[in-house]
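Residue numbers (my numbering): -7 to 188.
Beta carbons are placed, not taken as given, at the ideal position from N, Cα and C, and that holds for glycine.
See structure below.
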């Protein structure tokens, strides 16, 4: 069995762990750190798809390896879809996960409509061809953080049909139902089917 190598264009160890838990047995997954890329790849597009493609193209252009990249946004109905494409840096360029969470909670103070959705778009460049995979999960924003697991907005996102936030559900459950998990499952089904 020949192991195929693919790069996940991320510096985020949480994302790498999630992806390695999903990736099939035929693939060796490496992140940016593991291929020696320490560049902070720019994300200057105004869509999730554009940012994901930008990151994948950077790796292919500089390292000549098959690669996929993702971009994720939290879209909150009562905030007119914010933070959206700015989710990772909503509270500012050098902000922490907690800063972003606190900004969202303060902006939503007193709001009764807590509807939100997470969207992930993955751009895959495989042997020079580009493919896209999307995952989405709907839910509600809690009024305060719950749980120690996960990362980002996980402590305040309550997925529909569950009474625990992503930060409380654990990686196994989250990988099955999350936006990134759903997009990754579509990606892996495609890769494990020989890129069809």
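When burial is assigned at 16 or more other CB atoms within 10 Å of the CB, is residue 154 buried or exposed? Taking the first residue of the chain shown as 1, we reach residue 154 at position 162. Exposed, since its Cβ has fewer than 16 Cβ neighbours within 10 Å.
Does the separation of the CB atoms of residue 186 and residue 159 fall below 8 Å? Here residue 186 refers to the residue found at position 194 when the chain shown is read from its first residue. Here residue 159 refers to the residue found at position 167 when the chain shown is read from its first residue. Result no, Cβ atoms of residue 186 and residue 159 do not sit closer than 8 Å.
Would you grab the beta carbon distance between residue 175 and residue 129 for me? Rounded to a whole angstrom, and I think it's under 8 Å. In the chain shown, residue 175 corresponds to position 183, counting from 1. In the chain shown, residue 129 corresponds to position 137, counting from 1. Not a contact, Cβ separation roughly 10 Å.
Can you give the Cα-Cα distance for residue 37 and residue 76, rounded to whole angstroms? By one-based count along the chain shown, residue 37 stands at place 45. By one-based count along the chain shown, residue 76 stands at place 84. Computed Cα separation, rounded: 12 Å.
CB of residue 131 within 8 Å of CB of residue 149, strictly: Walking along the chain shown from the start, residue 131 turns up at place 139. Walking along the chain shown from the start, residue 149 turns up at place 157. Taking 8 Å as the Cβ cut-off, residue 131 and residue 149 qualify as a contacting pair.
Can you give me the C-alpha to C-alpha distance between residue 167 and residue 14, rounded to a whole angstrom? To locate residue 167, count along the chain shown from 1; it is residue 175. To locate residue 14, count along the chain shown from 1; it is residue 22. The alpha-carbon atoms of residue 167 and residue 14 are separated by roughly 8 Å.
In this structure, does DSSP put residue 133 in helix, strand or coil? Translated into the one-based positions of the chain shown, residue 133 becomes position 141. Residue state, collapsed to three classes: strand.
Spatial neighbours of residue 179 within its chain, please: C-beta separation below 7 Å, excluding the five flanking residues on both sides. Within the chain shown, the letter at position 187 stands for residue 179. Closer than 7 Å at the Cβ level, and outside the excluded window around residue 179, lie 60, 114, 116 and 125.
Could you give the DSSP three-state label for residue 112: helix, strand or coil? By one-based count along the chain shown, residue 112 stands at place 120. Of the three classes helix, strand and coil, the one that applies to residue 112 here is strand, per DSSP.
Less than 8 Å between the beta carbons of residue 197 and residue 123, yes or no? Not covered by the structure: residue 197. The range shown for the chain is -7 to 188.
Taking 8 Å as the threshold, find out whether the segment -5 to 7 comes into contact with the segment 18 to 27 through three or more Cβ pairs. yes
Report the three-state DSSP secondary structure of residue 126 (helix, strand or coil). Within the chain shown, numbered from 1, the residue matching residue 126 stands at position 134. Three-state result, residue 126: strand.
Out of 91, 139 and 152, which one is the CA nearest neighbour of residue 106? Along the chain shown, read from residue 1 onward, the residue named residue 106 stands at position 114. Nearest option by C-alpha distance: 152.
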